[in-house]
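S.K.: Residue numbers (the working numbering): 606 to 1644.
Here a beta-carbon is modelled for each residue, glycine too, at the ideal position from N, C-alpha and C.
Values in this document were obtained by computation on a predicted structure and should not be read as measured data.
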């Protein structure tokens, strides 16, 4: 809270002129002066009275003219460097200096009755106790402002005796704080003189004491608040509108060019970086010959830049920066940061300022009227003027303003009729029943000031003549020169927020693409914003974004433009993105600066072409981006298609299959916040096909779930990992790209999985199931295709596929890739041969280009071919014959018989007692079971194999540490058992049989064999010939 002090408001009369000031506020306050609120008599020519109220724009704006004042013009500024300080002031230009001395703004003040009755126990509300306790949580103490329950009045309305009495009562009430806070660690930091309040540093006990005591009317958190230009534009949301591409420089394709704001003020510093290249016209009008050329009028370069000293055009530069300043180093952009400025100087510098600071700045009504007439002439000559900013005024509320200022009223009416808004500051006298001149004119659009919290500023005038409220407290904006900026408060600061807003909102267009008129802008501002009430009168604090977007019917997802269902013949829709914005949660993939929405539910399934191409007499004037979605809320949208520049020039175009009855959401954005007029073209053509039939249901490029009907469906899934259910009927299903899961359902279905690792199940019926198209995409990484029931045609085509015929007489075609015929779901044993390309046991299946076999859970006989095969027995006692090639023989569970044949084979028995056999080998083999190697019929490897069967030739067969059965067959073989209780059979030939460790059984069989039992208790059976033995504890048929 700031200390409030009385201020001078004395009107002097002489030679028919009444001084006028530029309204605003800034730094130090000034002690009280007598107040004369008598209405001014109508004069033939009146300079506007300066706003010497409680606004602090600058010290030298006071507004008091003595008779005969004819102050000469100041020397021209040195354009080669910074402006020097005004030598008559004895100081430079402070960044927060006062324009008009007077009471400071109280940005915390939320009740305008404080102007007449500062604080009462009934009115004071304070901060919620929960907020204060939350602020104290985790801290030893916090600063609060405690307001005592004492009625007070404005000191300006009291006599000196009454002022002393009121201050004594305030002091007495504040003294009670010591007793309230006794026993706590709290401390009174500061006591105000004019208001019954004090700043207190409170601990938890002190806070609770204040909250509980009825003598305390309110307790508020002492917060630091400063409204800078970037945050004041955020208050009215013009920054968001700027981000959406609306900057006052007009939309792309407009023939009128950038809009212009005429600043009628003390001059605008065209050397400031905020205005580089953007001041497009200048003029000056001065009844005291204060124009830069020393005359009463001047036009052209530097006419509106009378900045010889750093303070000479301080006010106008600040105002112009708020309305239309561009970005500068370490600075902030104004409201319409793309619009242009017409700088018209109408102030003159005076050293006869009465009781106020010297020098001061003044203007005459005649100067103002001439300036308005000049702007009207510029408008009539073709300039694109959107608004006039008048941050000037004087005098108290007037009930007969139009009659008192007929010329000004006439000129304002002329400008308004020419579609130029005249925006005027309400004044800084603190009146809540009326506004100053010329804001009181019926043709003026009058602006009162709020703080960042939408609380009326204590200094502002307001009343039924107020049109809108806008930020005007501690606004930081450019001041001369270079990149300087400073803080000012006043209705002078609130007014350019609105003047700049007209430049933005005039850029918006109506439903026919025609730029808005002033009357439409007024209606938009009236219909939007934040209601602010003062003294029973409610007007809106402007919100430029809401006013702008109210012109765009399809700006939000919830309110799209609904496109006609039947688009077979194609149609074109005129639209625009000007003044659209982005709502929270809008999806990408493109920039989220602005956008408009459409909703389309096609009447039939087809292939839609959606674009922003020109058509139907409509032209797209800007760089667009386009996206198509499905989904019923912003948070659930899925992208179906999107594009930036596939159309002609910078236009967007997508071609996307669509389903009849499905609602699609279409969004058009301006790329990089571009905006303008556009054409949306939409045409729905024939749908994609599947095996030659037009689709009845299509997917997207996403991961879709597509369900058919009880009829004969044609489903085209497109890209993505889709789940497709054909359901009942003879369906045609094309999965297209992606790893799809397809269930054909009942009926004789035709399924094409497409590129990707698909899982296809034909289910019931005689199905045709194809993994990928013939000669197709080598990116196909392998499908699983299941015939289920029926006589199915299964074609894996490209990729390493798994083909499952199941019940029925199926044709399994592997084609390209390494393919497997799978019988893991069979209900009986399978006999399958890749030599004959047949399989029996679960129907009579045939193979084409199948390389691998996977058996059933029962006893199977699997035979490979001359290729490199993988033969998997699965459960059961299987016989597996690899034949030629480098085969993998996988017995899996069960007691399996593995025969590799020619080639380098890998034997893996798996669980159970498995035998590796070389019974057909044309040469002897050397097998070392413990090492897992076998040579002679290739270089074979063995794992989890327990038994060995040799070849018809001379073999060397060695077991391992387990229990082995080793059979020599024919030939003079050498058999060794190693550890384990082994059974060794020599077979035909003169064999050498060694048991090794443990209790072995050795059989010589035919031939003259030698049996060596080795360690432990061995039994040696020689057979029918002349056999010998050693280390045998039991011998049979051995002499």
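If you reduce the DSSP assignment to three classes, tell me which class residue 877 lands in.
M.R.: Reduced to three states, the DSSP call for residue 877 is coil.
S.K.: Just the C-alpha distance for residue 672 and residue 1024, rounded to the nearest angstrom, thanks.
M.R.: Caution is warranted here: a pLDDT of 28 is assigned to residue 672, below 50, making its placement in the model unreliable, and no coordinate value can be reported.
S.K.: Out of 1292, 1157, 1388, 1502, point me to the one whose CA is closest to residue 1203's CA.
M.R.: Measuring from the Cα of residue 1203, the nearest candidate turns out to be 1157.
S.K.: Just list the residues that DSSP pairs residue 946 with in beta bridges.
M.R.: Answer is 866, 884, bridged to residue 946.
S.K.: Run through the DSSP bridge pairs and tell me what residue 1074 is partnered with.
M.R.: DSSP lists 1053, 1146 as partners of residue 1074.
S.K.: Since residue 1511 sits in a beta bridge, which residues does DSSP pair it with?
M.R.: Residue 1511 pairs with 1493, 1546.
S.K.: Between residue 1284 and the rest of its own chain, which residues show a CB-CB distance below 8 Å, the 5 nearest in sequence each way excluded?
M.R.: Excluding residues within five positions, the ones whose Cβ falls inside 8 Å are 1177, 1178, 1179, 1180, 1217, 1218, 1219, 1220, 1221, 1223, 1224, 1225.
S.K.: I'd like to check one pair, residue 1426 with residue 1461: are the Cβ atoms closer than 7 Å?
M.R.: Result no, Cβ atoms of residue 1461 and residue 1426 do not sit closer than 7 Å.
S.K.: Should the stretch 736–756 be called in touch with the stretch 815–828, which here means at least 3 C-beta pairs below 8 Å?
M.R.: Touching, per the Cβ criterion.
S.K.: Does the stretch 895–910 come within contact of the stretch 1097–1116, defined as at least 3 CB pairs closer than 8 Å?
M.R.: In short, these stretches do not touch, since the Cβ pair count stays below three.
S.K.: Report back the beta-carbon spacing between residue 1358 and residue 1330 to the nearest angstrom; my notes put them in contact at under 8 Å.
M.R.: So it is not a contact: roughly 15 Å between Cβ atoms.
S.K.: Residue 1646: buried (16+ other C-beta within 10 angstroms of its C-beta) or exposed?
M.R.: Outside the modelled stretch of the chain, which goes from 606 to 1644, sits residue 1646, for which no answer is possible.
S.K.: If you follow the alpha helix (DSSP H) that residue 1647 is part of, which residue opens it and which one closes it?
M.R.: No statement about residue 1647 is possible, as the shown extent of the chain runs from 606 to 1644 and does not include it.
S.K.: Taking the straight line between their C-alpha atoms, what separation do you get for residue 1509 and residue 1534?
M.R.: Roughly 16 Å between the two C-alpha positions.
S.K.: For residue 1039, which three-state DSSP category applies?
M.R.: Three-state DSSP puts residue 1039 in a strand.
S.K.: Would you kindly work out how many angstroms separate the C-alpha atoms of residue 1484 and residue 1503, rounded to a whole number?
M.R.: Those two C-alpha atoms are separated by around 6 Å.
S.K.: Can you tell which of 986, 1234, 1109 has its C-alpha closest to the C-alpha of residue 945?
M.R.: Closest option to residue 945, Cα to Cα, is 1109.
S.K.: Label residue 1195 either buried or exposed according to how many other C-beta atoms from any shown protein chain fall within 10 Å of its C-beta, with 16 as the threshold for buried.
M.R.: By the 10 Å Cβ count, residue 1195 comes out buried.
S.K.: For residue 1291, does the three-state DSSP call read helix, strand or coil?
M.R.: Coil.
S.K.: Rounding to the nearest angstrom, what Cα-Cα distance links residue 874 and residue 894 in this structure?
M.R.: So the two alpha carbons sit approximately 20 Å from each other.
S.K.: Is the stretch 1008–1024 touching the stretch 1054–1069 in the sense that three or more CB pairs, one from each, lie closer than 8 Å?
M.R.: As far as the Cβ criterion goes, the stretch 1054–1069 does not touch the stretch 1008–1024, which means the pair count is below three.
S.K.: Does the stretch 1572–1584 touch the stretch 1596–1605, meaning 3 or more C-beta pairs lie closer than 8 Å?
M.R.: Touching, yes.
S.K.: Assess, as a yes-or-no matter, whether the stretch 1432–1447 is touched by the stretch 1467–1485 under the definition of 3 or more beta carbon pairs within less than 8 Å.
M.R.: In short, these stretches touch, since the Cβ pair count reaches three.
S.K.: Where does the unbroken beta strand (DSSP E) through residue 1028 begin, and where does it stop?
M.R.: 1026–1030 is the span of the beta strand (DSSP E), which, as asked, contains residue 1028.
S.K.: Tell me which residues share the same chain as residue 1524 and place their Cβ nearer than 6 Å to its Cβ, disregarding the 5 neighbours each side in the sequence.
M.R.: If we look at residue 1524 and ignore the five residues flanking it on each side, its Cβ neighbours are 1554.
S.K.: Evaluate the contact criterion for the stretch 1185–1194 versus the stretch 1148–1167: three or more CB pairs, one atom per stretch, below 8 Å.
M.R.: Cβ pair count under 8 Å is three or more, so yes.
S.K.: What is the DSSP secondary structure of residue 1048, counted as helix, strand or coil?
M.R.: Note: residue 1048 maps to coil in three-state DSSP.
S.K.: Give me, in chain order, the residues of the same chain whose beta-carbon lies closer than 6 Å to that of residue 876; leave out the 5 immediate sequence neighbours on both sides.
M.R.: Excluding positions up to five away in sequence, the list reads 1086.
S.K.: Just to confirm before moving on: does the CB-CB distance between residue 1029 and residue 995 stay below 7 Å?
M.R.: Cβ atoms of residue 1029 and residue 995: closer than 7 Å.
S.K.: How far does the alpha helix (DSSP H) with residue 1262 in it reach, from first residue to last?
M.R.: First-last for residue 1262: 1258–1263, but that is the beta strand (DSSP E), not the alpha helix (DSSP H).
S.K.: Contact between the stretch 1269–1278 and the stretch 1295–1306: three or more CB pairs below 8 Å?
M.R.: With a cut-off of 8 Å, the stretch 1295–1306 and the stretch 1269–1278 do not count as touching, because too few Cβ pairs lie within range.
S.K.: Do residue 1541 and residue 1531 have their beta-carbon atoms positioned less than 7 Å apart in this structure?
M.R.: Taking 7 Å as the Cβ cut-off, residue 1531 and residue 1541 qualify as a contacting pair.
S.K.: Any chance you could list the beta strand (DSSP E) runs of at least 3 consecutive residues sitting entirely within the stretch 1101–1179, in chain order?
M.R.: Listed in chain order, the complete beta strand (DSSP E) runs (minimum 3 residues) inside the stretch 1101–1179 are 1135–1139, 1142–1146.
S.K.: What's the gap between the Cα of residue 1354 and the Cα of residue 1421?
M.R.: One C-alpha to the other measures close to 23 Å.
S.K.: Assign residue 1211 to buried or exposed, taking buried as 16 or more other Cβ atoms, counted over all protein chains shown, within 10 Å of its Cβ.
M.R.: Classification of residue 1211: buried, given that the 10 Å Cβ count is 16 or more.
S.K.: Starting from residue 970 and walking both ways along the alpha helix (DSSP H), at which residues does that stretch end?
M.R.: Note, residue 970: alpha helix (DSSP H), 970–985.
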